[in-house]
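K.L.:
Once you've had a glance at the structure underneath, I'll fire off some questions.
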Amino acid sequence: MNAAQYVKEAILKEIPSGKIDVMELDLSSMEFVRKFASEFNSSGILPTPENFVCDGSECPAL
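Residue numbers (my numbering): 3 to 64.
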């Protein structure tokens, strides 16, 4: 986690307005993997711009 924290700080020096969450993933047991997945999935949403096709319908995958 120290390396991740170092990289986080380096990125935030370049982009002070950035938001970075450092998370630990231990692949030694499925219990740890499930815990990580649960925390990751509840950590927030990815902000994506709205995209519309010609007829005005939303197309979120563009």
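Yeah, the Cβ is synthetic: ideal placement off N, Cα and C, and Gly gets one too.
Closest to A5 by C-alpha separation, out of E26, E16, S19, P18, would be which residue?
P.N.:
Of the listed residues, the one whose Cα sits closest to A5 is E26.
K.L.:
Terminal residues of the continuous alpha helix (DSSP H) containing V9?
P.N.:
First-last of the alpha helix (DSSP H) with V9: 4-16.
K.L.:
Mapping the DSSP letters down to three states, classify M25 as helix, strand or coil.
P.N.:
Three-state DSSP puts M25 in coil, outside helix and strand.
K.L.:
Output the distance between the C-alpha atoms of D23 and S45, rounded to the nearest integer angstrom.
P.N.:
If you take the alpha carbons of D23 and S45, they lie about 9 Å apart.
K.L.:
Could you give the DSSP three-state label for N43: helix, strand or coil?
P.N.:
Helix, per DSSP.
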